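Protein chains in written order, with full-length UniProt numbering: chain X, 1 to 274; chain E, 1 to 465.
Accompanying notes for the structure given below.
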Amino acid sequence: MYKILKKEKLNEAVELMVVHAPFVARSCQPGQFIILRADEKGERIPLTIADYDREKETVTIIYQIVGYSTQLLSSKQEGDTIPDFVGPLGKPSDLKKHKRVLGIGGGVGAAPLYPQIRKLHEMGVAVDVILGGRSKEFIILDKEFEAICDKVYYATDDGTKGKKGFVTDVLNELLNEGKEYDEIIAIGPLVMMKAVVGITKPKNIKTAVSLNPIMIDGTGMCGGCRVTVGGETKFACVDGPDFDGLLVDFDECMRRQGMYKEEEHSCRIGLGGK
Amino acid sequence: MPNMSLKKVTMPEQDPNVRNKNFNEVALGYTKEQAMEEATRCLNCKHKPCVSGCPVNVPIPEFIKEVAAGNFEKAYELITSENNLPAICGRVCPQENQCEGVCVRGIKGEPVGIGRLERFVADYHMQHAEKKSVQITKNGIKIAVVGGGPAGLTCAGDLAKLGYDVTIFEALHALGGVLMYGIPEFRLPKALVEKEIETIVDLGVKINKNVVVGRSITIDELFEEGYKAVFVGSGAGLPKFMGIEGESLNGVYAANEFLTRVNLMKAYDFPNNPTPVKVGKKVAVIGGGNVAMDAARTAKRLGAEEVYIIYRRGEEELPARKEEIHHAKEEGIIFKLLANPKKIHGENGWVKAIECVEMALGEPDESGRRRPVEVEGSNFIMDMDTVIIAIGQSPNPLIRQTTPGLDTHKWGGIIVEEETMHTSKQNVYAGGDVVTGAATVILAMGAGKKAAKAIHEKIQSTMNA
Chain X
1 MYKILKKEKL NEAVELMVVH APFVARSCQP GQFIILRADE KGERIPLTIA DYDREKETVT
61 IIYQIVGYST QLLSSKQEGD TIPDFVGPLG KPSDLKKHKR VLGIGGGVGA APLYPQIRKL
121 HEMGVAVDVI LGGRSKEFII LDKEFEAICD KVYYATDDGT KGKKGFVTDV LNELLNEGKE
181 YDEIIAIGPL VMMKAVVGIT KPKNIKTAVS LNPIMIDGTG MCGGCRVTVG GETKFACVDG
241 PDFDGLLVDF DECMRRQGMY KEEEHSCRIG LGGK
Chain E
1 MPNMSLKKVT MPEQDPNVRN KNFNEVALGY TKEQAMEEAT RCLNCKHKPC VSGCPVNVPI
61 PEFIKEVAAG NFEKAYELIT SENNLPAICG RVCPQENQCE GVCVRGIKGE PVGIGRLERF
121 VADYHMQHAE KKSVQITKNG IKIAVVGGGP AGLTCAGDLA KLGYDVTIFE ALHALGGVLM
181 YGIPEFRLPK ALVEKEIETI VDLGVKINKN VVVGRSITID ELFEEGYKAV FVGSGAGLPK
241 FMGIEGESLN GVYAANEFLT RVNLMKAYDF PNNPTPVKVG KKVAVIGGGN VAMDAARTAK
301 RLGAEEVYII YRRGEEELPA RKEEIHHAKE EGIIFKLLAN PKKIHGENGW VKAIECVEMA
361 LGEPDESGRR RPVEVEGSNF IMDMDTVIIA IGQSPNPLIR QTTPGLDTHK WGGIIVEEET
421 MHTSKQNVYA GGDVVTGAAT VILAMGAGKK AAKAIHEKIQ STMNA
């Protein structure tokens, strides 16, 4: 059993939990993730590691409430336990000692982006970040990013923080201004990552993305998380979750992501949710 | 005077048309009387070919003699002197290629139903025996076992009996490996697997679930923590695909994913269990092994109207156990043999149809089986809602990716010395599917057993040195 030491609501859809998970905390690296089950019958859901404390043996997860299982998780309080919490899973990010890197975090994608950017900062890499969300409330970890980045740009759909528009609008502006980045790390909804690559690919700017496909065991057994990268079948759990964005078949990812839409709906009804 | 009947005592089964709609066990097991009657067919041969045919050397004639005499607990003790998981082996071992395959009674007529008797004895014990607390003198020597499947459980059980302080590190939330996620409920009830695993845990084996060795902790770190030997039984890994167009369409599953959803995550009881699975009306399962049979029969039970096994060779070449093929046919699975998939057609991103080409059998290949060759111009298309690919797996990649000094074959299997299961890395042993590629439960158990013996001998020799 894994105890929830802290729970915090970041906005109406996104929450943070600090969980006591010694085996994950001792070895996790930026880019890796965990799988948990919120109860004894629960689905195995992959979630991002947003932070960790090796001494306190804790792992911070940030999740968006999107379906039955994340609602179930959200019903837990500080002091409650999570029956299963396994990790770290996936390969650590391949962070290079570049001169300058741009991070792009869309919505809850800012969470897995944070440990990578922090690590780059510690390595002496200059980092800028663009954070995006529906409105001001949906921007997370802005203070944390501002503490380590040279510059943090914002984009919101309604213009309540930063530019009114998408992260890609800001990206275009930066590139048009002549800003040069050795690498861009984009993490967020598939549609956002696809749009980012739509800009960086023609300019041949190295772009890393982090994929979060449907997954069961997360240890290289079931094959459910397969993605096509550069024409080859890859498995996000053991080959990823980070991939070369310029090579990812995003349309296929988006299609596979929607495979259980109907079932997610019937499950939500079961929980009395929306 | 032995019972000279040429046939095994029949084991009752659920009617095919009833069972193909439920997940209850297909075979119902012998009664006491049936078991005692079948046991009298054993000739108690002196040279015991059956024992040499058993990968874990169960004293077969001895236990059968006890069954015939009605001493079922004594029979259980004899079996479990060599085999920690008899209820499981009695159900899923390919006895026809092992103990029963070399039974003298099989020369004329059917061999003794050794598997059925093993199953009976184990089930009888579970229903009747009271739990005994085991007294084992601990030696305090720590051994780590990676993976709680058949290989790891066997190795752990044998070492625990010898007094070792054994810890199993399991990546999933449940022990059992393929016994839990792979083999379906109707062939191997999970409650029974759990119960049988409990007998191993009761030997004092420690369990660390949700730990992925290679990620949560490496093998080198296990040694730093004082473990004297590590046994790797991390099992089969990534499913193979055919590399044909349409394999990433929605509605295409690897058998591992399909079966894991249904068995481990209990998707057949959706939404009581929230993990979903899709079957649709028409399902094609590609492959001819036991996993393919399991997937096909599972799809049928989930409500599919037509379920096809598509296999590129002929009936004779089907690698699945005869009994499984027989059961599948009884349940209405349609065998489309000598057919090879060429393309999966889609519509709006979902599976719509499968296109195959007819095959003919040519000259024998290196495996001794006749090589299938395409019949030109014979392509045909069948409408499908779901396609399940069951053409094998490669060994799990995690350990080899994260353990320096561990030599593997090109195809990914860990290289071991056959007698000891010792790998190229000092004090690291391995066995089961991670060494052989996908094989049987009993071979994995045999490997676990061999490794346990070798670990014990090695540790004793270093202590005496």
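Glycine is no exception: its CB is placed at the ideal position from the N, C-alpha and C atoms.
Quick caveat: nothing in here was measured; it's all calculated off a predicted structure.
### Message
On the criterion of 16 or more Cβ atoms from any shown chain inside 10 Å, does V92 (chain E) qualify as buried, or is it exposed?
### Response
Translated into positions along the second sequence, residue 92 (chain E) becomes position 92. Burial call: buried.
### CA nearest to the CA of N250 (chain E), picked from E:M359, E:Q426, E:I388
Here the question's residue 250 (chain E) lines up with position 250 in the second sequence. Closest by alpha carbon: E:I388.
### Query
Leaving out five residues before and five after Y124 (chain E) in sequence, what residues of the same chain have Cβ atoms less than 6 Å from its Cβ?
Looking up residue 124 (chain E) in the second sequence gives position 124. Same-chain partners within the cutoff: F72.
### Query
Skipping 5 residues on each side, what residues in its chain have a beta carbon closer than 6 Å to that of G272 (chain X)?
Taking the first sequence and counting its residues from 1, one reaches residue 272 (chain X) at position 272. Because G272 (chain X) carries a pLDDT of 36, less than 50, the predicted location of this residue cannot be relied on, and no value is offered for it.
#### Entry: Check: G152 (chain E) C-beta below 7 Å from any heavy atom of the ligand ZN
The ligand ZN is absent from the structure shown, which contains no ligands of any kind.
### Candidates X:T48, X:V197, X:I49, of which the one nearest D169 (chain X) by Cα
If you number the first sequence from 1, residue 169 (chain X) lands on position 169. The shortest C-alpha separation from D169 (chain X) is found at X:V197.
### Entirely enclosed alpha helix (DSSP H) segments - the UniProt domain "FAD-binding FR-type" (1-95) of chain X, minimum 4 residues
22-27, 68-74
### Nearest residue (CA-CA) to G245 (chain X), options X:V108, X:K179, X:L211
On the first sequence, position 245 is the one that residue 245 (chain X) refers to. It is X:L211 whose Cα lies nearest to the Cα of G245 (chain X).
### Task
Taking C-beta pairs closer than 8 Å, name the residues in chain E that C149 (chain X) reaches, listed in chain order.
The residue labelled residue 149 (chain X) in the question sits at position 149 within the first sequence. Correct list: empty, because the minimum Cβ distance to chain E is about 29 Å.
### Task
Just confirm the distance between the C-beta atoms of V18 (chain E) and H327 (chain E), as a whole number of angstroms; I'd bet it's less than 8 Å.
Numbered from 1 along the second sequence, position 18 holds the residue referred to as residue 18 (chain E). Numbered from 1 along the second sequence, position 327 holds the residue referred to as residue 327 (chain E). Actually they are not in contact, since the Cβ atoms of V18 (chain E) and H327 (chain E) sit about 13 Å apart, beyond 8 Å.
#### Entry: Span of the alpha helix (DSSP H), counted from its first residue to its last, around L153 (chain E)
Locating residue 153 (chain E) in the second sequence gives position 153, counting from the first residue. Looking at the DSSP string, the run of the alpha helix (DSSP H) that includes L153 (chain E) is 150-161.
### Query
Does DSSP put Q460 (chain E) in a helix, a strand or coil?
Stepping through the second sequence from its first residue, residue 460 (chain E) is reached at position 460. Helix, per DSSP.
### Query
Under 7 Å Cβ-Cβ, which residues of chain E neighbour F85 (chain X)?
Position 85 of the first sequence, counted from the start, is the residue given in the question as residue 85 (chain X). What F85 (chain X) touches in chain E: N210.
#### Entry: Proximal residues to R268 (chain X) (C-beta, below 8 Å), its chain only, five neighbours per side dropped
To locate residue 268 (chain X), count along the first sequence from 1; it is residue 268. Residue placement at R268 (chain X) cannot be trusted, given a pLDDT of 47 that sits under 50; the coordinates are not used to answer.
### Length-filtered (3 minimum) beta strand (DSSP E) runs lying within the stretch 253-290 of chain E
282-286
### Query
Who pairs with I104 (chain X) in a beta bridge, going by DSSP?
Position 104 of the first sequence, counted from the start, is the residue given in the question as residue 104 (chain X). Answer is X:I130, X:A186, bridged to I104 (chain X).
#### Entry: Nearest-angstrom beta carbon gap, G87 (chain X) and residue 358 (chain X) [assumed within contact, 8 Å]
Missing from the structure shown is residue 358 (chain X); chain X here goes from 1 to 274 and no further.
#### Entry: L153 (chain E) and I200 (chain E) closer than 8 Å at C-beta
Residue 153 (chain E) sits at position 153 when you count from the first residue of the second sequence. Residue 200 (chain E) sits at position 200 when you count from the first residue of the second sequence. Contact flag set, yes.
### Message
Which residues in chain E have a C-beta closer than 9 Å to the C-beta of S27 (chain X)? List them in chain order.
### Response
Taking the first sequence and counting its residues from 1, one reaches residue 27 (chain X) at position 27. Within chain E, the residues near S27 (chain X) are R215, S216, I217, T218, E221.
### C-beta contact flag for E245 (chain E) and K343 (chain E) at 8 Å
The residue labelled residue 245 (chain E) in the question sits at position 245 within the second sequence. The residue labelled residue 343 (chain E) in the question sits at position 343 within the second sequence. Yes, Cβ-Cβ distance for E245 (chain E) and K343 (chain E) is below 8 Å.
### Task
Look up Y308 (chain E) in the DSSP assignment and say whether it is helix, strand or coil.
If you number the second sequence from 1, residue 308 (chain E) lands on position 308. Residue state, collapsed to three classes: strand.
### Query
What is the C-beta distance between D294 (chain E) and R187 (chain E), in whole angstroms, given that I count them as a contact (C-beta under 8 Å)?
Residue mapping note: residue 294 (chain E) aligns to position 294 of the second sequence, counting from 1. Residue mapping note: residue 187 (chain E) aligns to position 187 of the second sequence, counting from 1. With a contact defined as Cβ atoms closer than 8 Å, D294 (chain E) and R187 (chain E) qualify at about 7 Å.
### Message
Using beta carbons (cut-off 8 Å, strictly below), is K7 (chain X) in contact with chain E?
### Response
What you label residue 7 (chain X) is simply residue 7 of the first sequence in a count that begins at 1. For K7 (chain X), the answer is no, since every Cβ of chain E falls outside 8 Å of its Cβ.
### Task
Kindly indicate which three-state DSSP category Y260 (chain X) falls into: helix, strand or coil?
Walking along the first sequence from the start, residue 260 (chain X) turns up at place 260. Looking at Y260 (chain X) - three-state DSSP - the assignment turns out to be coil, as it is neither helix nor strand.
### Query
How is R41 (chain E) classed by DSSP in three states: helix, strand or coil?
On the second sequence, residue 41 (chain E) is found 41 positions in, with the first residue counted as 1. In the structure shown, R41 (chain E) sits in coil (DSSP, three-state: anything other than H, G, I, E or B).
### Query
Among X:M193, X:M259, X:G240, X:R256, which residue has its Cα nearest to the Cα of G90 (chain X)?
Translated into the one-based positions of the first sequence, residue 90 (chain X) becomes position 90. When only C-alpha atoms are compared, the closest one is X:G240.
#### Entry: Interface residues of the stretch 289-321 of chain E facing chain X [CB-CB below 7 Å]
none
### Sequence ranges, beta strand (DSSP E) only - wholly within the stretch 183-224 of chain X, length at least 3
For secondary structure counted as the beta strand (DSSP E) over 3 or more consecutive residues, the stretch 183-224 of chain X holds these complete runs in sequence order: 183-187, 207-210.
### Message
When you compare the CB of L89 (chain X) with every CB in chain E, is at least one pair closer than 8 Å?
### Response
Position 89 of the first sequence, counting from 1, holds the residue named residue 89 (chain X). True, the Cβ-Cβ gap to chain E drops below 8 Å.
### Message
How far does the beta strand (DSSP E) with D242 (chain X) in it extend, from its first residue to its last?
### Response
Position 242 of the first sequence holds residue 242 (chain X). Unbroken beta strand (DSSP E) run through D242 (chain X): 242-244.
### Query
Closer than 8 Å, Cβ to any Cβ of chain X: which residues of the stretch 161-173 of chain E, in chain order?
A171, L172, H173
### Query
For H327 (chain E), which three-state DSSP category applies?
Within the second sequence, the letter at position 327 stands for residue 327 (chain E). In the structure shown, H327 (chain E) falls within a helical segment according to DSSP collapsed to helix, strand and coil.
### Task
To the nearest angstrom, report how far apart G446 (chain E) and Q127 (chain E) are at their CA atoms.
One-based indexing of the second sequence puts residue 446 (chain E) at position 446. One-based indexing of the second sequence puts residue 127 (chain E) at position 127. Cα to Cα, the separation comes out at about 27 Å.
### Query
Where does C253 (chain X) fall in DSSP's three states?
On the first sequence, residue 253 (chain X) is found 253 positions in, with the first residue counted as 1. C253 (chain X) falls in the helix class under three-state DSSP.
### Query
Can you list, in chain order, the residues of the stretch 232-262 of chain X whose Cβ is nearer than 7 Å to any Cβ on chain E?
Along the stretch 232-262 of chain X, going in chain order, the ones with a CB nearer than 7 Å to a CB of chain E are T233, F235, V238, E252, R255, R256, M259, Y260.
### Message
Once the 5 residues before and after E419 (chain E) are set aside, which same chain residues still bring their CB inside 8 Å of it?
### Response
Numbered from its first residue, the second sequence carries residue 419 (chain E) at position 419. Excluding positions up to five away in sequence, the list reads K450, A454.
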